[in-house]
Amino acid sequence: MDTSTVRRSIGGSPGRGMVTEAAPPALRETAWRALRYFNLYRIIVAALFLLLAVSGVLPPPLGSYDPRTFTFAAALFFLLAVGSQLMLEYRWLRYDLSTFVVIGGDVLCITLLMYASGGLASGFGLLMVISIAAAGMLSRERQAFFYAALAALAVLIEESWFWLYDFFPVSNYTRAGLLGAAFFITAFLGHSMARRIRESEALAARRSSDLRNLSALHTHIIQRMQSGVLVLDPDGRIRMANLSAMHLLGLEPDATGRPLEEVVPELARELARWRAEGEGTTRLVTPAGGLEVWASFTSLQTEGGQETLIFLEDAAAMRQRAQQLKLASLGRLAASIAHEVRNPLGAISHAGQLLGESQELPPGDRRLVEIILEHARRVNGIVNNVLQVSRRQPSVPEMLRLGQWLQGFCQEFRERHSLAEGDLVVEGSDVMARMDPGQLHQVLWNLSENALRHSRERPLIRYRTGMIEGAQRPFLDVIDSGEGMSDEVREHLFEPFFSRDHGGSGLGLYLARELCECNQAQLVLEEHGPRGCRFRILFSHPEREQWGRP
Numbered sequence: 001m002d003t004s005t006v007r008r009s010i011g012g013s014p015g016r017g018m019v020t021e022a023a024p025p026a027l028r029e030t031a032w033r034a035l036r037y038f039n040l041y042r043i044i045v046a047a048l049f050l051l052l053a054v055s056g057v058l059p060p061p062l063g064s065y066d067p068r069t070f071t072f073a074a075a076l077f078f079l080l081a082v083g084s085q086l087m088l089e090y091r092w093l094r095y096d097l098s099t100f101v102v103i104g105g106d107v108l109c110i111t112l113l114m115y116a117s118g119g120l121a122s123g124f125g126l127l128m129v130i131s132i133a134a135a136g137m138l139s140r141e142r143q144a145f146f147y148a149a150l151a152a153l154a155v156l157i158e159e160s161w162f163w164l165y166d167f168f169p170v171s172n173y174t175r176a177g178l179l180g181a182a183f184f185i186t187a188f189l190g191h192s193m194a195r196r197i198r199e200s201e202a203l204a205a206r207r208s209s210d211l212r213n214l215s216a217l218h219t220h221i222i223q224r225m226q227s228g229v230l231v232l233d234p235d236g237r238i239r240m241a242n243l244s245a246m247h248l249l250g251l252e253p254d255a256t257g258r259p260l261e262e263v264v265p266e267l268a269r270e271l272a273r274w275r276a277e278g279e280g281t282t283r284l285v286t287p288a289g290g291l292e293v294w295a296s297f298t299s300l301q302t303e304g305g306q307e308t309l310i311f312l313e314d315a316a317a318m319r320q321r322a323q324q325l326k327l328a329s330l331g332r333l334a335a336s337i338a339h340e341v342r343n344p345l346g347a348i349s350h351a352g353q354l355l356g357e358s359q360e361l362p363p364g365d366r367r368l369v370e371i372i373l374e375h376a377r378r379v380n381g382i383v384n385n386v387l388q389v390s391r392r393q394p395s396v397p398e399m400l401r402l403g404q405w406l407q408g409f410c411q412e413f414r415e416r417h418s419l420a421e422g423d424l425v426v427e428g429s430d431v432m433a434r435m436d437p438g439q440l441h442q443v444l445w446n447l448s449e450n451a452l453r454h455s456r457e458r459p460l461i462r463y464r465t466g467m468i469e470g471a472q473r474p475f476l477d478v479i480d481s482g483e484g485m486s487d488e489v490r491e492h493l494f495e496p497f498f499s500r501d502h503g504g505s506g507l508g509l510y511l512a513r514e515l516c517e518c519n520q521a522q523l524v525l526e527e528h529g530p531r532g533c534r535f536r537i538l539f540s541h542p543e544r545e546q547w548g549r550p
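1 is the number of the first residue of the sequence shown in this note's numbering; add one for each residue after it.
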């Protein structure tokens, strides 16, 4: 920022450098405060002269020429100073007019005191120099020179009065001229010094404003970051946490200032391990009531001690990134499968169909042909499922009202499978969730068909919606009335090509979980006892934007 910019910012033209009503509030207050302080000095000086005059003990040369005029001038000086203080406190006049009242009053009263004490020899000229110096600091350049000229003119008039009526030596004109020159020099020096001070203050104020704006910008950027950011002071207390960190860890708004081990003990334990071992800066943490996160620790050396910076990444989002890379590789693999398997498979299926149409085929061989065609269709289904995974379009998440959306889904599922009204039940609150509606439909359709297939005498599927407290994550449970499953089956449930049903591809649940992870959701099996299974879709925070989206 150049000097002209600073000068404009403090309200004067280039080369002037004086505070006006257009100046920044901080500089205006500084000018008013300086003027009040100077007026307090005037009150003290005037009170001292008035006390000496009233006491009748005036040390020479004070009042040596005219004691009564000295007493009058001291009283007038004191009254003007006190009145000026009231004027400045309540700001009855504008700043420049207030300055004129203060400096003009000094010129008048000090000139009268000088006259009553015998002229320039009394030394009151030095007191006038102090007032002119204050005028240079407190007013514009032209006003400062005006006050210097006014003081010089007052001194010349005072000396001329002595010469005309009392026949004082003419040589006092030389001293009066030198004192007048001193007034102008003092006004110039005082104004120059004050201008530099004001420029420095304006520059400091501008720098302070820039720092505040930069700090606010940094805070806004940190708060908008998808990654969680947590700063701990040397005592292990949370100094700052952005919105993402609060969502990932399930923190309350009053967490700032509290010890980390009290708020998130799981993360505090990993931090202690990192400090003790000194290696492995990234660790997987699962806070109670929060999300599964990857935590990265970094030490920060500050003037107040060693602080700790913790970056938090949603593990689901990181898995989503890995999933994108995996899908790209799977797409290339699927293209090879389509070329290497599907074409020969089509030839086998076509040949089997032609062979089955032969009238001379024995019944035993016809059964073999049916087996060939059945398994050809099964292999073709597997290839189609693999291609579906590889060619899947990117998710386009939307805000869905789960209760309302489930009513439409259940109506469609009932019609497709000829179910009664009471076979599908929707429970829970109508929460909001973020997910691609087409992919949610595909996941829920797969889970519902599995539940229908494993239900006992009466088909009964319950859909339960709700919100996890603390983490504020919506969920959707799919509960069947089947016979459950063993721990061994549960361990391999989401693996590709694993199926409990004869003839199944084993890709349904695998594909459903992949679709959930593409939406930063999680598909887990919560219960698998003899009373049935409960699958849960745990959605991401509805206010948290999807990774990779603006």
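Glycine is no exception: its CB is placed at the ideal position from the N, C-alpha and C atoms.
Round the Cβ separation of residue i and residue j to the nearest angstrom and send it over; I've been treating them as touching at under 8 Å.
i    : j    : result
L179 : G125 : 5 Å
S131 : I103 : 6 Å
F183 : A148 : 4 Å
L345 : N380 : 6 Å
D96  : Q143 : 7 Å
D423 : H454 : D423 to H454, Cβ: 14 Å. No contact.
Would you mind working out which of the options sits nearest residue i, comparing C-alpha positions?
i    : options                   : result
V443 : M240, V425, S395 and M485 : S395
N450 : R140, E398, F535 and G466 : F535
L300 : V293, E357 and G236       : G236
L440 : S117, V229, L203 and I537 : I537
L525 : M240, F475, A74 and S540  : F475
W405 : V379, A433 and L248       : A433
A446 : R513, L35, L88 and F162   : Residue identity differs from the one stated: residue 446 is Asn in this sequence, not Ala. Answer by Cα proximity: R513.
E543 : A268, M318, L368 and M435 : M435
L108 : E29, F188, A151 and N213  : A151
Q223 : D233, S160 and M240       : M240
E141 : H417, I185, A376 and I468 : I185
What span of residues does the alpha helix (DSSP H) with residue i cover, start to end?
i    : result
V263 : L260 to V263
D314 : Careful: D314 lies outside any alpha helix (DSSP H), inside the beta strand (DSSP E) at G305 to D314.
H417 : L402 to H417
T69  : P67 to Y90
T99  : Y95 to A116
T219 : N172 to R224
F124 : F124 to L138
Q353 : N343 to G356
E488 : D487 to E491
Are the CB atoms of residue j and residue i within a distance shorter than 8 Å?
i    : j    : result
M114 : G190 : no
P437 : L400 : yes
E421 : R462 : no
L309 : A295 : no
V231 : E307 : yes
F49  : A116 : no
R490 : D477 : no
A272 : S540 : no
S208 : S227 : no
L248 : L267 : no
Quick one: Cα of residue i to Cα of residue j, how far?
i    : j    : result
N242 : L251 : 10 Å
D254 : L260 : 12 Å
F32  : F38  : For the record, residue 32 in the displayed sequence is Trp; it is not Phe. Their Cα atoms are separated by approximately 10 Å.
A133 : R195 : 13 Å
F258 : E270 : The sequence given here places Arg at residue 258; Phe does not occur at that position. If I take the Cα positions, the gap works out to 18 Å.
R342 : C516 : 28 Å
L214 : A204 : 15 Å
G466 : V425 : 15 Å
M128 : L164 : 23 Å
R212 : A202 : 15 Å
F297 : T256 : 18 Å
W547 : E488 : For W547, the pLDDT reaches just 42, beneath the cut-off of 50, and the residue's location in the model is therefore unreliable, although a value from the coordinates is still provided. Approximately 34 Å between the Cα atoms of the pair.
G532 : E360 : 51 Å
W92  : P60  : 39 Å
R94  : D233 : 49 Å
A181 : N172 : 14 Å
E551 : I43  : The shown model of the chain, from 1 to 550, leaves out residue 551, and the question about it has no answer.
Answer yes or no: the CB of residue i versus the heavy atoms of the ligand ATP, is any distance below 7 Å?
i    : result
D106 : The ligand content of the structure shown is nil, which means the ligand ATP is not present either.
Which first and last residues belong to the beta strand (DSSP E) in which residue i is found?
i    : result
W445 : Element bounds for W445: not the beta strand (DSSP E) but the alpha helix (DSSP H), P437 to H454.
L476 : R473 to I479
L248 : Where L248 is concerned, there is no enclosing beta strand (DSSP E), although the alpha helix (DSSP H) it sits in stretches over L243 to L249.
E517 : Per DSSP, E517 belongs to no beta strand (DSSP E); it is in the alpha helix (DSSP H), G508 to C518.
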